[in-house]
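Data first, discussion second: the structure below is written as structure tokens.
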Amino acid sequence: MTLNIVKPGLATSIQDLGRPGYFHLGIPEGGAMDRLALRAANMLVGNPEGAACLEAVFMGPEITFTAEASVAITGGEMPILLDGVTKESWTSFTVKPGQTLSFGFLKSGARIYIAVSGGIATEPALGSRSTYPIGALGGFHGRNIAAGDELPVGTAPLVEEGRSTPAELRRGPGSPTELRVLTGLYWYRLTEASGQNFFNDTWTVAPEADRMGYRFRGGQPMEFVEREQPFGAGADPSNIVDGCYSYGSIQVPGGSEPIVLHRDAVSGGGYFTLGAVISADMDLIGQLQPNTQVKFIKVEMEEALQARAERKAVLEMMRKYIG
Amino acid sequence: MKTRYSYGGDEHIYVEVDEEMSLDAFFISLSMSKAVREANIPGVTEICPANASFEVRFDPDVIAPETMMAKIKELEHKAEQAEKRLSTRIIEIPVYYQDPWTHETLMRFRERHQDPSGSDLDYAARINGYDSVAAFIEAHHSQPWFVSMVGFVAGLPFLYQLVEREKQLQVPKYLRPRTDTPRHTVGYGGCFSCIYSVRGAGGYQMFGITPMPIFDPEQKVSYLEDFMVFFKPGDIVKWKPIDRAEYDRITAAVEQGTYAPRIAEVDFDLDAFNADMTGFNAKLMEALNDA
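Residue numbers (UniProt numbering), protein chains in the order written: chain A, 1 to 323; chain B, 1 to 291.
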């Protein structure tokens, strides 16, 4: 069967759990911005957790199905319509051949995940179907989906309708959203006052927020500890000799607007980084809309690992519940 | 040189061998990253060497961060003793300096530049003390370059020139990064040259363009059939200035699948290079010209 794309939405892409192992060549792991939502969507339709889904940001696509399939949609809150009839999110339902899936306006969060039984079956690239558009890698011919595309879907048995996850296991961004940060990397480049301001100030998500990185504005400009710049770094105090970037790392070009690198991160560059958002909060960034207020919260490693364990426990509960 | 270790969140360890760039720092970071690879530490998912640093990504559910940190630190001493030599290759990369496409782009983003009144090359030549753009271009391509990092985006090489530090060219990055850079732009930032493997954002000054693809996800380009990324750390590059006619000829040959870059196998030995840079580079060029 195929999913026939009538309208693509804003920037809808095929994503799975990504392609780790090529970051040393500048090819990022990619994959769902909100991994737990992708896993849940797959579980609900009986797929392996890492099957390829559609990730739609801010605006949903319109899709006609050529065969019967089970579907589940997770992530942000966006009204789901099947031939105009409302369907529940985070809940499996059956789509008949010829029926059309469409969406209303986004109510909360930023990204939805559309899982179809059998999974999207495009050709994997370097072990993943995730779309990396600037490298023309994976996805559908290396790009986001477009009107007229016919996306191949694998074959799998249907699941019963109404499989769902308990609402308390779903995580949405609070207001302001708190993102926990481990300081480090080039943190020492900031003056003590600037370091404190970073955590005291309220930031807002800038319009430049995508799969590569989320930019924030609204905080005070940062000041750097004075030094003679090291050879090869460049003259600006925010410059370093180009090094590797971590996923979640926070760079501040020119000391003005922090950028948190996400799944399609550039693998390195010449701007200082002050630390990184902890792995447990990366999914949450994928659900942030522009203009959302954010506070960065300083934590230590122990707390980061505790938060990671909590996220894992939620995943385990989902697995048990959906069974 | 003082090695500095830091966590990057709960999944990465960042090791900076030196805060300034040198080939010594490059070789130590490469040796350390190789030692981490060879140690086969369970839980390691990515090992990324950079110019004078490297990074290890790991799964903290498999190995505790402090255990990972201790294992990497154990490898430092061994890596410092490692020989600073490589069996590698020298590749001739054609460059069309002052081409119309990067010129159009740099004019479009002029307000983000330190000196909106001229071109990136005018600016780079002046701040490096050259009295003409032609003399600066000559300095850029007359001596070979060493690939000290691959990354940023898919397959982009960072190159460090094989000359004494006082002859190194240095330029700042754009004041604010551009949102567009033509594919195959030959750029410059800090002491590094680069080739933009794909079209996209960028902050390096733009000097010219190469007709030679260095990343091909479809692996249709003849010399990228085995792997989609051309460069690896340790590769040596010699820029060859070309004109528009040559650019067009090579572009057509790439499309027909008949273009083969000029490549020679060579050894690079840092001590031998440091002892006699001019003589060492002359031998590299001899090997390339015989290829």
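Glycine included, each C-beta is placed from N, C-alpha and C at the ideal position.
Nearest neighbour of residue i, chosen from the options [CA to CA]
i: A:ARG163; options: A:THR74, A:MET222 and A:LEU274; result: A:THR74
i: A:ARG215; options: A:GLU300, A:GLY84 and A:TRP203; result: A:TRP203
i: A:GLY139; options: B:PRO217, B:ASP180 and B:PHE136; result: B:PRO217
i: B:GLY208; options: B:VAL95, B:VAL198, B:ALA201 and B:GLU255; result: B:VAL95
i: A:ALA280; options: A:ALA265, A:GLY248 and A:GLN289; result: A:GLY248
i: A:PRO221; options: A:TYR132, A:GLU257, A:GLY174 and A:THR91; result: A:GLU257
Residues near residue i in its chain [Cβ-Cβ closer than 7 Å; skip 5 each side]
i: B:GLU76; result: THR3 and MET32
i: B:ASP115; result: TYR123
i: A:TYR22; result: LEU126
i: B:ILE28; result: VAL17, ALA79 and GLU80
i: B:PHE26; result: ASN51, ALA52 and SER148
i: A:SER108; result: GLY76, GLU77 and GLY172
i: A:LEU3; result: ILE63, PHE65, VAL116, LEU151 and VAL153
i: A:THR155; result: GLY118
i: A:GLY269; result: ASP242 and TYR245
i: A:LYS295; result: PRO176, GLU178 and THR202
i: B:LEU284; result: ILE90, PRO144, ILE236 and VAL266
i: A:ILE322; result: MET43, LEU44, ARG163 and THR165
i: B:VAL198; result: VAL153, ALA154, ARG183 and PHE215
Same chain, Cβ closer than 6 Å to residue i, neighbours up to 5 away in sequence not counted
i: A:PRO232; result: Residue identity differs from the one stated: residue 232 of chain A is Gly in this sequence, not Pro. Around A:GLY232: VAL241.
i: B:PHE273; result: PHE280
i: B:GLU265; result: ARG89
i: A:ARG35; result: ASP283
Neighbour flag for residue i against chain B, beta carbons, 9 Å
i: A:THR273; result: yes
i: A:GLY269; result: yes
i: A:TYR132; result: yes
i: A:PRO230; result: yes
i: A:ALA69; result: no
i: A:ILE322; result: no
i: A:ARG308; result: yes
i: A:VAL225; result: no
i: A:LYS312; result: yes
i: A:GLY31; result: no
i: A:GLY46; result: no
i: A:ILE63; result: no
i: A:ILE27; result: yes
Distance, residue j Cα to residue i Cα
i: B:GLU166; j: A:LEU185; result: 29 Å
i: B:ASP235; j: B:HIS141; result: 16 Å
i: A:GLY255; j: B:LEU175; result: 12 Å
i: B:GLN219; j: B:PHE227; result: 7 Å
i: A:GLY172; j: A:GLN287; result: 7 Å
i: B:TYR188; j: A:ASP236; result: 15 Å
i: A:MET212; j: B:GLU11; result: 18 Å
i: residue 302 of chain B; j: B:GLY203; result: Residue numbering for chain B in the displayed model covers 1 to 291; residue 302 of chain B lies beyond these limits and cannot be assessed.
i: B:VAL36; j: B:TYR14; result: 13 Å
i: A:LEU101; j: B:LEU156; result: 40 Å
i: A:PRO230; j: A:ILE285; result: 33 Å
i: B:LYS173; j: A:PHE199; result: 28 Å
i: B:THR278; j: A:ASN197; result: 51 Å
i: A:VAL314; j: B:ALA82; result: 46 Å
Min CB distance residue i to chain A below 9 Å
i: B:ARG165; result: yes
i: B:GLY234; result: no
i: B:LEU23; result: no
i: B:MET1; result: no
i: B:HIS12; result: yes
i: B:PHE158; result: yes
i: B:SER222; result: no
i: B:PRO100; result: no
i: B:GLY43; result: no
i: B:PHE109; result: no
i: B:LEU284; result: no
Same chain, Cβ closer than 8 Å to residue i, neighbours up to 5 away in sequence not counted
i: residue 324 of chain A; result: Look at the range of chain A in this structure, 1 to 323, and you will see that residue 324 of chain A is not part of it.
Q) Of the residues that make up the stretch 233–254 of chain A, which ones have a beta carbon closer than 9 Å to any beta carbon in chain B? A) In summary, the residues of the stretch 233–254 of chain A whose CB is separated from some CB of chain B by less than 9 Å are ALA233, GLY234, ALA235, ASP236, ASN239, ILE240, VAL241, ASP242, GLY243, CYS244, TYR245, SER246, TYR247, GLY248, SER249, PRO253 and GLY254, in the order they occur in the chain.
Q: Below 9 Å between beta carbons is the criterion; list the residues of the stretch 45–57 of chain B that meet it against any residue of chain A, in chain order.
A: THR45, GLU46, ILE47, CYS48, PRO49, ALA50, ASN51, ALA52, SER53, PHE54, GLU55 and ARG57
Q. When Cβ atoms are compared, which residues of the stretch 181–203 of chain A fall closer than 7 Å to chain B?
A. LEU182, GLY184 and LEU185
Q: With 7 Å as the C-beta to C-beta threshold (strictly closer), list the residues of the stretch 274–301 of chain A near chain B in chain order.
A: ALA276, VAL277, ILE278, SER279 and MET301
Q. When Cβ atoms are compared, which residues of the stretch 9–25 of chain A fall closer than 9 Å to chain B?
A. PRO20, GLY21, TYR22, PHE23, HIS24 and LEU25
Q: Please list the residues of the stretch 127–159 of chain B that have a C-beta atom closer than 8 Å to any C-beta atom in chain A, keeping them in chain order.
A: Cβ contacts with chain A come from MET149, VAL150, GLY151, PHE152, VAL153, ALA154, GLY155, LEU156 and PHE158.
Q. Which of the residues in the stretch 83–112 of chain A, read from start to end, lie with their CB under 9 Å from any CB of chain B?
A. none
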